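Taking it in order: structure first as structure tokens, then the write-up.
Protein chains: 2
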Amino acid sequence: MAATDNIHPVSDRMLSRTEKQALLRQRGVVMWFSGLSGSGKSTVALALERKLHAEGILTKLLDGDNIRTGLNKNLGFSDEDRLENIRRIAEVSKLFAHTGVVVLCSFITPTHELRAIARDTIGSADIIEVFVKASFQTCESRDVKGLYAKARAGKLALFTGKDSDFEIPQTSDLVLDTEKESITESCDRAYDSVISHIRIEQ
Amino acid sequence: MAATDNIHPVSDRMLSRTEKQALLRQRGVVMWFSGLSGSGKSTVALALERKLHAEGILTKLLDGDNIRTGLNKNLGFSDEDRLENIRRIAEVSKLFAHTGVVVLCSFITPTHELRAIARDTIGSADIIEVFVKASFQTCESRDVKGLYAKARAGKLALFTGKDSDFEIPQTSDLVLDTEKESITESCDRAYDSVISHIRIEQ
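Going down the list, the sequences are from chains C and E.
With numbering that gives the first Met the number 0 as the guide, the letters of the first sequence map in order to residues 0 to 201.
With numbering that gives the first Met the number 0 as the guide, the letters of the second sequence map in order to residues 0 to 201.
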């Protein structure tokens, strides 16, 4: 029996997304940051979250690190598990966006296939895709988490950019080049890109 | 390699739960409704959601039906999948509660083990366990979704109450007897139980 047999969605009686957005006086949307480890995804997302919060906007930041310790702690880094990792995150993001929350997702999301899963699950009207751009060499030299050193020493399997490719996104809504602009500049550009999706005319 | 190796939680730099709750002027909490199919779980949860929303409280209703068509659409009804179903729902509920949202979960959750997974994942300070009580005979006679008829005809595998036991909760924070009280009465009692957990003194 398929999981969806004998399922009777009650959403017709549930409060609508529109009602929740009216309560919050904001629209829900997902801003999805992809890029290499060390590219600055989470740093920009964290700065953006603080900026939005200061304006009274309710946000949720989902991050490879905190999701991997909870919802997805039973997943590894095989191709199959990476697909399931992104699928679950996208489904959770959708639940938040449909509650009117502005979701900031920070995940490497290295392949076209993974980004398509995110986009198709969330729905293209509700996702803003941001590519956080920095070369492997730059990320390796930053090595904020010491992961590149571990990868060089062969202590990390399946490290993106070394053992597996990062496919450059071709259809991003926004590219943030963290080699050329400061975190503040990247944050401001991300803000400019998302704010019109959030604001509801009063 | 375990999924949690090389994970560096950024939560120290993330906005705190307290900051989000201050923005929303409410505390996040999870109210978890368990009971047989047809006991009235979702009906009470839906009524409670409308009542809370009317007071300006942001809620999220998670339901076996809508979760099974999204996040958990790759799970069936084996014992293993039922555990994973509840584990994921509890992790998602926790993400919402930590964002300050009042989460209403409506799931059969038929065993002590499943309810313990929910409680342990969410944390006992953040969960209110509600047992929605109605006998198998009553639920069968209501048969809102036509599932009991299907189960009798042998067209449903693993139907709770018929093919597998519903273990009566011994440690609920609240019992709603939908054979003896109306939906409005049950909703009001659920409201009385949760509201002090939500309100932040102004």
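C-beta: ideal position from N, C-alpha, C; glycine also.
The model shown is predicted, which means the values in this text are computed figures rather than measured ones.
Quiz item: Mind checking whether Phe95 of chain E and Gly27 of chain E have CB atoms under 8 angstroms apart?
Solution: For Phe95 of chain E and Gly27 of chain E, yes; Cβs fall inside 8 angstroms.
Quiz item: Under the rule that 16 or more other beta-carbon atoms within 10 Å means buried, what is Glu48 of chain C, buried or exposed?
Solution: buried
Quiz item: If we call anything under 8 angstroms between Cβ atoms a contact, is Lys19 of chain C one with Leu57 of chain E?
Solution: Yes, Cβ-Cβ distance for Lys19 of chain C and Leu57 of chain E is below 8 angstroms.
Self-check item: Top-ranked residue by Cα proximity to Ser163 of chain C, from C:Ala152, C:Lys72 and C:Phe135
Solution: C:Phe135
Quiz item: In whole angstroms, what is the alpha-carbon distance linking Val207 of chain C and Val29 of chain C?
Solution: The structure shown does not extend to residue 207 of chain C, since chain C is modelled only from 0 to 201, so the question has no answer here.
Quiz item: For a contact meaning CB atoms closer than 9 angstroms, what does Thr159 of chain C contact in chain E?
Solution: Chain E residues near Thr159 of chain C: none, gap ~12 angstroms exceeds 9 angstroms.
Exercise. For Phe76 of chain C, collect the residues of the same chain with a Cβ closer than 6 angstroms to its Cβ; drop the 5 residues on either side in sequence, then sort them by chain order.
Key: Leu157
Self-check item: Beta-bridge partners of Cys104 of chain C, as assigned by DSSP
Solution: Bridge pairing for Cys104 of chain C: C:Trp31 and C:Leu61 [DSSP].
Quiz item: If you draw a straight line from the alpha carbon of Leu74 of chain E to that of Leu82 of chain E, how long is it in whole angstroms?
Solution: 10 angstroms
Quiz item: If you check the beta carbons only, do Thr120 of chain E and Glu90 of chain E fall under 8 angstroms apart?
Solution: yes
Quiz item: Mind checking Arg114 of chain C: buried by the 16 CB within 10 Å criterion, or exposed?
Solution: Buried: at least 16 other Cβ atoms inside 10 Å.
Quiz item: Does Gly34 of chain E come within less than 8 angstroms of chain C when only Cβ atoms are used?
Solution: Chain C contact via Cβ: absent.
Quiz prompt | Limits of the beta strand (DSSP E) - the one that Val131 of chain E falls within | solution = Ile126 to Lys132
Quiz item: Alpha carbon to alpha carbon, what distance is there between Leu70 of chain C and Lys132 of chain C?
Solution: 28 angstroms
Quiz item: By DSSP, does Thr159 of chain E sit in helix, in strand, or in coil?
Solution: strand
Quiz prompt | Among E:Thr98, E:Arg151, E:Lys93 and E:Cys138, nearest to Ser38 of chain E - alpha-carbon criterion | solution = E:Cys138
Exercise. Determine whether the Cβ of Met13 of chain E lies closer than 8 angstroms to any Cβ atom of chain C.
Key: yes
Self-check item: Contact list for Glu90 of chain E against chain C, beta-carbon separation under 7 angstroms
Solution: Gly69 and Leu70
Self-check item: Test: Val100 of chain E CB closer than 8 angstroms to a CB of chain C
Solution: yes
Quiz item: So which residues of chain C does Arg49 of chain E contact, with C-beta pairs closer than 7 angstroms?
Solution: Neighbours of Arg49 of chain E in chain C, taken as residues at a C-beta separation under 7 angstroms, are given in chain order as Leu14.
Practice problem: Tell me, please, whether the CB atom of Gly39 of chain C is closer than 8 angstroms to any CB atom in chain E? | Solution: no
Exercise. Using a Cβ cut-off of 8 angstroms (strictly closer), state whether Arg87 of chain E contacts chain C.
Key: yes
Exercise. Using alpha carbons as the reference points, say which of C:Leu14, C:Arg12, C:Met13 and C:Thr42 lies closest to Ile182 of chain C.
Key: C:Thr42
Self-check item: Interface partners of Lys59 of chain C on chain E, CB under 8 angstroms
Solution: Leu94 and Thr98
Quiz item: the segment 15–30 of chain C: which residues have C-beta closer than 8 angstroms to a C-beta of chain E, in chain order?
Solution: Glu18, Lys19, Leu22 and Leu23
Quiz item: If you draw a straight line from the C-alpha of Ser195 of chain E to the C-alpha of Ala124 of chain C, how long is it?
Solution: Going by the C-alpha atoms only, they are around 38 angstroms apart.
Quiz item: Among all the DSSP beta bridges, which residues are the ones paired with Val174 of chain E?
Solution: DSSP, once it has assigned bridges, lists E:Phe130 as partnering Val174 of chain E.
Self-check item: Reduced DSSP secondary structure (H/G/I, E/B, other) of Val193 of chain C
Solution: helix
Practice problem: Would you kindly check if the distance between the Cβ of Arg151 of chain C and the Cβ of His97 of chain C is under 8 angstroms? | Solution: no
Quiz item: Any chance the CB of Val193 of chain C is under 7 angstroms from a heavy atom of the ligand GDP?
Solution: Although the ligand GDP was asked about, the structure shown includes no ligands whatsoever.
Quiz prompt | Extent of the continuous alpha helix (DSSP H) run through Val43 of chain E | solution = Lys40 to Ala53
Quiz prompt | Pair within 8 angstroms by beta-carbon distance, Arg87 of chain C and Ile199 of chain C | solution = no
Quiz item: Between the Cα of Thr177 of chain E and the Cα atoms of E:Phe32, E:Ala148, E:Lys50 and E:Ile116, which residue gives the shortest distance?
Solution: Of the candidates E:Phe32, E:Ala148, E:Lys50 and E:Ile116, the one whose C-alpha sits nearest the C-alpha of Thr177 of chain E is E:Phe32.
Quiz prompt | Environment of Thr170 of chain E [buried if 16+ CB atoms lie within 10 Å] | solution = exposed
Self-check item: Separation of Glu184 of chain C from Asp78 of chain C, as counted between CA atoms
Solution: 34 angstroms
Quiz prompt | Residue interval of the alpha helix (DSSP H) (run including Phe20 of chain C) | solution = It is Gln, not Phe, that sits at residue 20 of chain C in the sequence shown. Run containing Gln20 of chain C: Arg16 to Leu23, per the alpha helix (DSSP H) assignment.
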